[in-house]
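What follows is a single structure, written as structure tokens, with notes after it.
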Amino acid sequence: MRTLIKSGLVFPQGLAVDDHRQRLFVADPNKTGLVMYQLSSNGDTLSVGSPKVVASGVQTRAVTVDGLGNVVFSDEPTNRILRVSAASIDEGKTAPEVIYDGNTVSHLKAPGGVAMDNYFVYWLNKAGAPKAGTLIRGLQYATAETIQNASAGVKLLAGNAPKCYGVCLAGGNIFYTDEASHLYGINRASTSRHVVRTISSSLQAPRGCVSDGAGTVYVADKSQNAVFRFPSNMDDLMPRAMVKAADLQGAFGLAIHDVGYQAPGILR
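Pasting the structure below:
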């Protein structure tokens, strides 16, 4: 394990990587902004350039990026899901766009972890149970201005836990962690016939999770100072044993960086 960034951050939590543009995004709530680093690799050595603020005036703890380079993140104190487009990043515009606002969306209260695919953005709530729900899905390309009734584009997927942290997409499933010890899973389609399954209850303070896209999900455990992994390819969700993948003090956010023909590296 190597230290990638030695200074300039205060309390980094969420991570996301745009492999196509070689960008690393770091959510650091103590810096009141979302920071980006340009990644470069030489053999098995990974390095970063100087930090660049891509969203200012926010306290974000979780971030995700899509294949087009658009970045979505949560602002827990203001109950908002925000976005900065790839074009805005390139142009140096740091004012984020509001996708969903807790003032108009009842299922948005102290949002934590975020994830997205080509169509939807997913978030976890850390407060407001049971009304706000646990795992929520909204249309990715909606905005507070374009949706007359913002809640119309929002769907409650799960409401089983009052405070959750990390969420990740893996194949046809969604995995997420609660505050205490559990890792949960639910089918990505999440219709009325789908129920939340407990994948593990052996963790101690699970936080971020990430899929490598090849059948393995990694989970950070802040209390155990470790990163665990488990095989995520399963049609029917069921309990899995957590296998330690790495030791790391206060493990929190995770991201996978695909360095091309080499094996993916975990950023944590």
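Residue numbering for the sequence shown follows the working numbering, beginning at 35 and increasing consecutively.
The beta carbon of each residue, even a glycine, is placed where N, CA and C say it ideally should be.
The three-state secondary structure of G187, taken from DSSP, is helix.
Going by beta carbons, G146 and A192 fall outside the 9 Å limit. Listed as beta-bridge partners of S74 by DSSP are S81. I233 is not a Cβ neighbour of N221, given a cutoff of 9 Å. For E125, there is no enclosing beta strand (DSSP E); the enclosing alpha helix (DSSP H) covers residues 120-125. Just so you know, the alpha carbons of K127 and R55 end up roughly 18 Å apart. In the DSSP annotation of this structure, the continuous segment of the beta strand (DSSP E) that includes N207 starts and ends at 207-212. For the stretch 198-263, there is no continuous alpha helix (DSSP H) assignment of 4+ residues that stays within its boundaries. Contiguous beta strand (DSSP E) elements confined to the stretch 86-111 occur at 86-90, 94-99, 105-109, taking only those with 3 or more residues. A50 and N259 have their C-alpha atoms roughly 20 Å apart. Listed in chain order, the non-local C-beta contacts of A195 below 6 Å within the same chain comprise T168, D212, local neighbours out to five positions each way being set aside.
Boundaries cannot be given for R55, as no beta strand (DSSP E) includes it and DSSP labels it neither H nor E.
A distance below 9 Å separates the beta carbons of G48 and G242. Cβ contact annotation for V44 (same chain, cutoff 8 Å, sequence separation greater than five): D62, N64, K65, in chain order. Per the coordinates, the alpha-carbon of L217 lies some 33 Å from the alpha-carbon of P85. A straight-line Cα-Cα distance of about 5 Å links K189 and R171. Assignment of K40 by DSSP, reduced to helix, strand and coil, places it in the coil class. Residue burial is scored here from C-beta neighbours: Q174 has at least 16 other C-beta atoms within 10 angstroms and is therefore classed as buried. It is roughly 36 Å from the alpha-carbon of H291 to the alpha-carbon of K165. Note that the C-beta distance between V261 and L282 is below 9 Å.
N64 carries a helical assignment under DSSP once its states are collapsed to helix, strand and coil.
Counting C-beta atoms within 10 angstroms of its own C-beta, R36 has fewer than 16 neighbours from the protein chains shown and is therefore classed as exposed. Between V88 and V69, the C-beta gap is smaller than 9 Å, which places the two residues in contact. When the Cα atoms are used, D124 and L58 turn out to be separated by approximately 14 Å.
CA-to-CA, the gap between V277 and W157 works out to about 26 Å. Short of 7 Å from the beta carbon of P265, and not among the five residues preceding or following it, lie these beta carbons of its own chain, in chain order: G249, T250, R274.
For M150, the uninterrupted beta strand (DSSP E) segment begins and ends at 145-150. Our two residues, G206 and N159, have alpha carbons roughly 22 Å apart in a direct line.
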